[in-house]
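Scroll down for the structure; my scribbles are underneath it.
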Amino acid sequence: MNSKPTITIGIPAHNEEATIGIFLDSLLSQKIESGVLERVIVMLDGCIDRTEEKVREVMARDSRVECMSDNERIGKTERLNRLFQINKSNFLATFDADLFLDRDCEIEEMLKEFANDKVVLVSGRILHTRPRGGFVAQVLYMNYVMWHDATDRLNGGDHIHNVYGQANMLRRDFARKVQYPADTTCDEGYLYMISKKYGEFRYAVTTRIFAMPISTIADVTVGIPRFLNERFDLIPFFGETVLDQYYVPFQAKVRAILRLTMRHPIYAMGVIVYNLTTKLLYIKGKGLGSSIWDQVCSTKDPAKMEVQNCVQEESLPREKISVTVGIPAYNEEANIKRLLYNVLNQREIGFSLDAVYVISDGSTDSTVSEVRTVSDPRVRLIINEQRRGQTHAQNMIFALAKSDAVVILEADTNPQGLEYIANLVNPIRKDSNVGLVQGGVQVLPAQTLIGRTYRAQIDTYYSMLKKYEGVLEWVSTGRGGRAFSSIVYKTMLWPNAVPEDSYALLWCRDRGIKNVFQASAVCNYRCSETISDLKVEQVKIRSGRKALERYFDLLSIQKVYDRPFSLRIKMVAALIVQSPFYALSFFIVKSRMYFMSKDGQFSDFWPVAVSTKKH
648 MNSKPTITIG IPAHNEEATI GIFLDSLLSQ KIESGVLERV IVMLDGCIDR TEEKVREVMA
708 RDSRVECMSD NERIGKTERL NRLFQINKSN FLATFDADLF LDRDCEIEEM LKEFANDKVV
768 LVSGRILHTR PRGGFVAQVL YMNYVMWHDA TDRLNGGDHI HNVYGQANML RRDFARKVQY
828 PADTTCDEGY LYMISKKYGE FRYAVTTRIF AMPISTIADV TVGIPRFLNE RFDLIPFFGE
888 TVLDQYYVPF QAKVRAILRL TMRHPIYAMG VIVYNLTTKL LYIKGKGLGS SIWDQVCSTK
948 DPAKMEVQNC VQEESLPREK ISVTVGIPAY NEEANIKRLL YNVLNQREIG FSLDAVYVIS
1008 DGSTDSTVSE VRTVSDPRVR LIINEQRRGQ THAQNMIFAL AKSDAVVILE ADTNPQGLEY
1068 IANLVNPIRK DSNVGLVQGG VQVLPAQTLI GRTYRAQIDT YYSMLKKYEG VLEWVSTGRG
1128 GRAFSSIVYK TMLWPNAVPE DSYALLWCRD RGIKNVFQAS AVCNYRCSET ISDLKVEQVK
1188 IRSGRKALER YFDLLSIQKV YDRPFSLRIK MVAALIVQSP FYALSFFIVK SRMYFMSKDG
1248 QFSDFWPVAV STKKH
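Residue numbers (the numbering used here): 648 to 1262.
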C-alpha cells in the first residue's frame, strides 16, 4: 500500500485555449518523489473559446485529468471555494492556467516545505519572462523585476507579497477552512491572512514558475486598480491592521531601484515614472466591487508578446502544407518530453503535422524512455546506439521526411506560443521560392553572472534584428528553429564537422534559394552560464567558420559571419545604455573567450554545454 501523501491540482480557467494544453503537459511531466499526483481538475469558468477542447485532448492521454464545467462565469475565488470543498487528497495545489513550470521538480520543491507539520500554505516563486515588445512592455517587465527584488528578501520570505495567487499548495484540513467571501478580488492576500491564523506560511523560493507580465497600457488599467485596492478590500475581515502587512520598508525599495538603475538605467527611470503615475491616477480605498474582473489579455499567450507576432487565421492562404518535425537529441532527458508535448499541441493553422522524428544520438541518460512515454502515433523514435553527431541526425530526418516542409528543432529549446510552427512555415506556404526560414530566440532568465551577461547581449542583438524580419540574407539562428521546404531538404546534405546552421544558409545563397528570417516564430532557450560552456560555444563558432572554407568562398562566409557595422554599433550602444554593468562584463568575457578559443578545433562531437540543458 502506498504511504506517500496524495496531491490534487486545481486550475480555474477562463478562456485559456492558448496556454492550457502546454501548462497541463508541464504539470503531468513533473517528477514527484515524495507524493502521488491523484487528480488534475480544470474548472472552466464560463469559457467561450476552445479551452474545454484543449483540456479534453489531454484527458484522452492521461486519466488523471478531469474537466468540470457548468457554463457559468462566477469568478476565480468562487471556483477555488469549490475546489477546497471537493478535494480529498492530502494536499491541494492551485495554479493559474497561463503559467509554465520551468523544470520537472517544481511540485516536489513545494511539497518539501510541508516537512514541518505547522506549515499549512506554500506559495511558489513566480518569475516573469521578458516580453519582446517595445519600451512600455520593457518598463512593465522591469517593474516586476524591481518589485521581486524588493520583496523576496523580506522577513525570510514570510510576507504577504510572496503569496502569489498563481501558484499555491494547501494542506487538506486547512483548505476546507478557507472560504473566500463573495466578490473578494484579493485571493492571495486573504489566503495569507487566513494561513497565519491556522498555522505557518512558507515561500518556496527554489521553485521556478514562469508567467508573462502585463505588457500593454490597456492591461495596466485592468490590473493596477486591483493591486492597489486589494488591501482595502481586506479591512472588513481582518481590520485596519492588515494594512501593516503590505508595508515594504523604504530602504528595501531604494536598494531594489538602485540595483535596477545600475543594470538598466533608462528602464529604471521608466519604472519610477510608472509607479508615481499609477499612485496618482488610482484612488486608494475604492475597491473593484466584483471578483469577476476583466481578463488581462497580454499575459494569455506566449506568442502575443507583440501584436504582430500573432498569426491571424483569416490572413493566411487557405491551402495547407504538410510538415514533419525533426528533433536531434543527445542526453535531453530534462527537456525532450516537454518539447514533444509543445509540438503536438501546436495549432495547425495552414499546415498539418505528419510526423515528429526524435533521433536519439547515442544518449546515455533516460532520453529514450522519456520519449516512449509520449503516446502519440505521430511521434517516431530513431535510436543511434553510438553518437554520430548532429549533422548525421539531421540528414536522417531529411531522408525520412515526405512532407512539404521539415522543421528542425534543438531539443533543449521550447517554442513560444501555440502558433510557432504556423509562423515558421508560413513564408514557405506563401512563396514557393522560399527554401529556408529561420526563427528568432528568447533567452530564459539566467542564474549566474556569466549567464546574465551573455543573455543581455543576446536580447539586445535580437531586439535589433526584429526590424529586418523577412529581408535578411545573413542571419543564422540554429537555436531559433528552422523550416526547410522540399527544394532544400530533398537535395541538401550536411557534411560532417561544419556549423550546420551557417552551412544551410550558405548552401541556399549559393543556389539562389530564398531564405527568410521570421522573428515572430520564437524559441525559448537557456544560454551558457559558465566559462567552460562559453568556451565550447566560441570554439564552435571560430573553428566552424574555418571549416566552411572547404565548401564556400571567403566572401560568402564573411557576409554571413560579419554583421553589418551599423548594426554592431547600434547593438553596443543599446547594450551600454540599457545595461551598462552587463556591457562591461560582456566585453571582459568576450576578450577572455577570444584567447581561450583561439586554438580549438570544431567537431561533430563537441562537448555538451551542460548549463544549457538544465531546464
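Every residue gets a Cβ at the ideal spot worked out from N, C-alpha and C, and that includes glycine.
| Asked | Found |
| --- | --- |
| Within the 9 Å Cβ cut-off, does R1189 reach chain B? | Here there is only one protein chain, and chain B is not present. |
| T971 to Y1150, Cα distance in whole Å? | 21 Å |
| Please name the residue, chosen from D1078, G1036, E663, that lies closest to I1143 on a Cα-to-Cα basis. | Before going on, a small fix: residue 1143 reads as Asn here, not Ile. Among D1078, G1036, E663, the Cα nearest to that of N1143 belongs to G1036. |
| Would you call S1179 buried or exposed, if buried means 16 or more other Cβ atoms sit within 10 Å of its Cβ? | exposed |
| Consult DSSP for R994 and reduce its assignment to one of helix, strand or coil. | coil |
| Between the segment 996-1010 and the segment 1070-1078, do at least 3 Cβ pairs fall closer than 8 Å? | yes |
| Which of the three DSSP states is assigned to K1161 in this structure? | strand |
| Taking the alpha-carbon of R1099 as reference, which of Q1165, Q1063, H911 has the nearest alpha-carbon? | H911 |
| Where does the unbroken beta strand (DSSP E) through I1031 begin, and where does it stop? | Note on residue identity: the sequence assigns Asn, not Ile, to residue 1031. 1026-1031 is the span of the beta strand (DSSP E), which, as asked, contains N1031. |
| How would you write the range of the alpha helix (DSSP H) that E1017 sits in, first residue to last? | 1014-1019 |
| Excluding five sequence neighbours on each side, which residues of the same chain lie with their C-beta closer than 6 Å to the C-beta of S1132? | A1052, I1075, G1082 |
| Check A1048 in the structure and name its three-state DSSP category. | coil |
| What's the gap between the Cα of V769 and the Cα of E980? | 28 Å |
| Give the DSSP bridge partners of V1088, in chain order. | C1170 |
| One question on the structure: do N1171 and T776 come within less than 9 Å of each other, judged by their Cβ atoms? | yes |
| Restricting to runs no shorter than 3 residues, where is the beta strand (DSSP E) found entirely within the segment 659-709? | 683-691 |
| Helix, strand or coil for M1139, going by three-state DSSP, please let me know. | coil |
| With A851 as the anchor, note down where its alpha helix (DSSP H) starts and where it stops. | First-last for A851: 847-858, but that is the beta strand (DSSP E), not the alpha helix (DSSP H). |
| Please work out which residues of its chain come closer than 7 Å, Cβ to Cβ, to R1192, disregarding the five sequence neighbours upstream and downstream, and give them in chain order. | I1204, Y1208 |
| Going by beta-carbon coordinates alone, are T1060 and V1015 separated by less than 9 Å? | no |
| Ordered along the chain, which non-local residues of its own chain (more than five positions away) have a Cβ less than 8 Å from that of P964? | At P964, the pLDDT of 48 sits below 50, so the modelled position is not reliable; the number obtained from the coordinates is stated separately. Closer than 8 Å at Cβ, skipping near neighbours: G997, R1076, K1077. |
| Under a three-way DSSP split, which group does N815 fall into? | strand |
| Does DSSP put V954 in a helix, a strand or coil? | With a pLDDT of only 30 at V954, under the threshold of 50, the placement of this residue in the model should not be trusted, and no figure is reported. |
| Between M715, E719, A899, E1184, which has its C-alpha nearest L730's C-alpha? | M715 |
| Spell out the partners DSSP gives A1093 in its beta bridges. | DSSP, once it has assigned bridges, lists no residue as partnering A1093. |
| Report yes if the C-beta distance between I913 and V1224 is below 9 Å; otherwise report no. | yes |
| Per the DSSP calculation, F1131 is bridged to which residue(s)? | V1053, L1083 |
| Could you check the C-alpha separation between Y1004 and E1057 for me, to the nearest Å? | 12 Å |
| Residue range of the beta strand (DSSP E) that R750 falls in? | Premise fails: R750 is in no beta strand (DSSP E) and is neither H nor E. |
| Starting from P975, trace the beta strand (DSSP E) in both directions and tell me its first and last residue. | 968-976 |
| My assumption, with CB atoms under 8 Å, is that D745 sits in contact with A858. Please give the rounded CB distance. | 7 Å |
| Based on Cα-Cα distance, which residue from N734, S1167, K678 lies nearest to M822? | Reading off the sequence shown, one finds Ala at residue 822, where the question assumed Met. The residue with the shortest Cα to Cα distance from A822 is N734. |
| Report all residues from its chain with a CB closer than 6 Å to the CB of M916; omit the five preceding and five following residues, and keep chain order. | none |
| Just to check my reading of the structure: G668 and V705 have Cβ atoms closer than 8 Å, yes? What is that Cβ distance to the nearest angstrom? | 6 Å |
| Candidates Q1063, V786, Y837, D880: which alpha carbon is nearest I861's? | V786 |
| Since G1009 and N1042 should fall inside the 8 Å C-beta cutoff, what is the C-beta to C-beta distance between them, to a whole number of angstroms? | Not confirmed; about 16 Å, so no contact. |
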